[in-house]
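Novice: Numbering (the working numbering), first residue to last: 106 to 491.
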């Protein structure tokens, strides 16, 4: 009998009696499986292929008076809620005992097959209704959790808009006002150019932050476009990503080391470029001028591993997992810039979109290395030359 086929367990004291109940369960769309041996019954009820219903005859129980079959079977994993019918004599004490031990119905012998069938129909319907109700409750619970998470993110976003963005916006306005004052006062062009460059850098930071916020929401809602293709040069993609970083390297030393077998990868080039740009920007924000940052990639266990390493301030071990959650990253960097953590949240969602995973290894004062993988499953889904 296939493991997936719904079936009913019929445990009787004789094969003839057990066979008499096969038509009953077959009318209910179940395959009957008969047992007349207690040892085999107890052995088979330890497996994972659970029956849809169970009928136990008191005659079989009488063979093992020292064992409580109802209690033993009911306590087996997965048998807690299976419809359980017990067939026994007209004995009030036994009737009460069997029900207390976990049977759903006690049918007094002698009986008719139609009575057993009616009980099984009722119990199976009740089980289906309870299962549907549990599923509805689980869906409601998931909806409630998603709603609470959405409300939390909304509250954090409002807090960020009111407080965190105030600083960089004020900085941009201050730089522009100072530039105007210098122009009106005939200040040096080089000084004005530097101020405007700083203002542009801060504006780019705000633009990147807004893009990450919007894209995190799109990815959570499943609306982010995903178009993987063959990327011929991972090194060129990483260098382009560095060019996307607001303000560029900023007096940091950058290195690129991609193993030959990892140079050609498969992924969405726009998403991968954004991932690398976010990780590089994160490294710059947490590394002092003159620091070292490098990008590396190699093949391992059927995946390509990519990493961005810095020798900056490092991250406490207790924060290694939560920094990928929106609004969980430390609010200030060593350069006194506010950070909401949206960039790392985007990276996590984008990496998972590719079927990979992302993690960080870091110690306070000894720098950080962010790793993520691109599994072969992505490559298998993209035709060669695409």
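Quick reminder that beta carbons are idealized off the backbone N, C-alpha and C, glycines included. What you are looking at is a predicted structure, and each value in this text was computed from that prediction instead of being measured.
(1) Please state the DSSP three-state secondary structure of residue 501.
(2) Between the segment 139-146 and the segment 188-205, do at least 3 Cβ pairs fall closer than 8 Å?
(3) Could you have a look at residue 435 and say whether DSSP puts it in helix, strand or coil?
(4) In the DSSP assignment, find the beta strand (DSSP E) that holds residue 412 and state where it starts and stops.
(5) Pairs of beta-carbons, one from the segment 303-315 and one from the segment 336-347, closer than 8 Å: are there three or more?
(6) State the Cα-Cα distance for the pair residue 439 and residue 471, rounded to the nearest angstrom.
(7) Helix or strand or just coil, what does DSSP make of residue 442?
(8) Following the continuous alpha helix (DSSP H) through residue 177, name the residue where it begins and the one where it ends.
(9) State buried or exposed for residue 473, treating a residue as buried only when at least 16 other CB atoms are found within 10 Å of its CB.
(10) For residue 283, I'd like the list of residues in its chain whose CB is within less than 7 Å of its CB, leaving aside the five on either flank, ordered along the chain.
(11) Verify whether the separation of the beta carbon atoms of residue 118 and residue 168 is less than 8 Å.
(12) Quick check on residue 414: buried or exposed, where buried means 16 or more other Cβ atoms within 10 Å of its Cβ?
(13) Just to confirm before moving on: does the CB-CB distance between residue 137 and residue 175 stay below 8 Å?
(14) With residue 188 as the anchor, note down where its beta strand (DSSP E) starts and where it stops.
(15) When the Cα atoms are used, what is the spatial distance from residue 231 to residue 173?
(16) Determine the direct distance from the alpha carbon of residue 372 to that of residue 388, and round the result to whole angstroms.
(17) Figure out for me which residue from 324, 277, 286 has the closest Cα to the Cα of residue 302.
(18) Output yes or no for whether 8 Å exceeds the beta carbon distance between residue 116 and residue 165.
(19) Find the nearest neighbour of residue 394 within the set 401, 416, 410, 383, judged by alpha-carbon distance.
(20) Can the beta-carbon of residue 400 be found less than 8 Å from the beta-carbon of residue 361?
(21) What are the boundary residues of the alpha helix (DSSP H) that includes residue 448?
(22) What residue range does the beta strand (DSSP E) around residue 340 cover?
(23) Please state the DSSP three-state secondary structure of residue 384.
(24) Reducing DSSP to helix, strand and coil, say where residue 369 ends up.
(25) To the nearest angstrom, how far is the alpha carbon of residue 120 from that of residue 126?
(26) Considering just the uninterrupted stretch of the alpha helix (DSSP H) at residue 122, what are its terminal residues?
(27) Across the segment 239-247 and the segment 204-218, are there enough close Cβ pairs to call them in contact, namely three or more that are closer than 8 Å?
(28) Using 8 Å as the threshold, is the C-beta distance between residue 114 and residue 225 below it?
(29) Assuming residue 158 and residue 187 make a contact with CB atoms under 8 Å, what is their CB distance in whole Å?
(30) Classify residue 320: buried if its beta carbon has 16 or more other beta carbons within 10 angstroms, exposed otherwise.
(31) Ignore the nearest five residues each way along the sequence and tell me which others in residue 318's own chain have a CB closer than 6 Å to its CB.
(32) Between the C-alpha atoms of residue 107 and residue 152, what's the straight-line distance to the nearest angstrom?
(33) What number of angstroms, rounded off, separates the C-alpha of residue 454 from the C-alpha of residue 460?
(34) At what residue ranges does the segment 188-272 contain a whole run of the alpha helix (DSSP H), taking only runs of 4 or more?
(35) Less than 8 Å between the beta carbons of residue 357 and residue 392, yes or no?
Specialist: Considering the structure as presented:
(1) In the structure displayed, the chain extends from 106 to 491; residue 501 sits before or after that span and is not available.
(2) no
(3) Confidence in residue 435 is poor, its pLDDT being 44 and thus under 50, which makes the residue's placement unreliable; the coordinate value appears in the next sentence. Coil.
(4) Per DSSP, residue 412 is one residue of the beta strand (DSSP E) stretching across 408-415.
(5) As far as the Cβ criterion goes, the segment 303-315 does not touch the segment 336-347, which means the pair count is below three.
(6) Because residue 439 carries a pLDDT of 41, less than 50, the predicted location of this residue cannot be relied on, and the following value inherits that uncertainty. Cα-Cα distance, rounded: 14 Å.
(7) Bear in mind that a pLDDT of 46 at residue 442, under 50, signals an unreliable position, so the number given afterwards is only what the model happens to contain. Coil, per DSSP.
(8) 174-179
(9) So residue 473 ends up on the buried side.
(10) 300
(11) A contact, by the Cβ cut-off of 8 Å.
(12) buried
(13) no
(14) Residue 188 -> no beta strand (DSSP E), and no H or E assigned at all.
(15) 26 Å
(16) 23 Å
(17) 277
(18) yes
(19) 416
(20) Cβ atoms of residue 400 and residue 361: closer than 8 Å.
(21) 447-458
(22) Not the beta strand (DSSP E): residue 340 falls in the alpha helix (DSSP H), residues 339-349.
(23) helix
(24) coil
(25) 10 Å
(26) Residues 120-124.
(27) no
(28) no
(29) 7 Å
(30) buried
(31) 447
(32) Low confidence applies here, because residue 107 scores a pLDDT of 45, under 50, leaving its location unreliable; read the following figure in that light. About 14 Å.
(33) The alpha-carbon of residue 454 is positioned some 10 Å away from that of residue 460.
(34) You should have 197-206, 218-264.
(35) yes
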